[in-house]
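One structure is given below, encoded as structure tokens.
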Amino acid sequence: MIITIQMERGRNVDTKRRAAKAFTDAAIATLGAKAEWVTVLFEDYERTDWAIGGNLQLDRHGPGLVTLGNKD
Numbered sequence: 013m014i015i016t017i018q019m020e021r022g023r024n025v026d027t028k029r030r031a032a033k034a035f036t037d038a039a040i041a042t043l044g045a046k047a048e049w050v051t052v053l054f055e056d057y058e059r060t061d062w063a064i065g066g067n068l069q070l071d072r073h074g075p076g077l078v079t080l081g082n083k084d
């Protein structure tokens, strides 16, 4: 099983470790998977490569990562 997480670039390695663990645990709990069957892939995107509603995220929110509660 492969879980792909697509998100804005800027999360640190510890955040990705926690996310990988959480998604793996969720797959085990909900799908009956074994941990060794679960692969988590992170795809990081720059704001210049991501648009919503026809507008680049760079134009909507500026160049930096803006996430409430993000300590990265």
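Heads up, the sequence shown is in the numbering used here, so the first residue is 13 and it goes up one at a time.
Glycine included, C-beta positions come from ideal geometry on N, C-alpha and C.
Around residue 39, the same chain offers 13, 15, 45, 50 as residues with beta carbons nearer than 7 angstroms, after the five sequence neighbours per side are excluded.
When secondary structure is reduced to three states using DSSP, residue 47 falls in the helix class.
For residue 27 and residue 20, the gap between their C-alpha atoms comes out near 13 angstroms. Distance from the Cα of residue 29 is smallest, within the candidate group 53, 69, 57, for 53.
By the criterion of a C-beta distance shorter than 7 angstroms, residue 75 is surrounded in its chain by 59, once the five residues flanking it on both sides are discounted.
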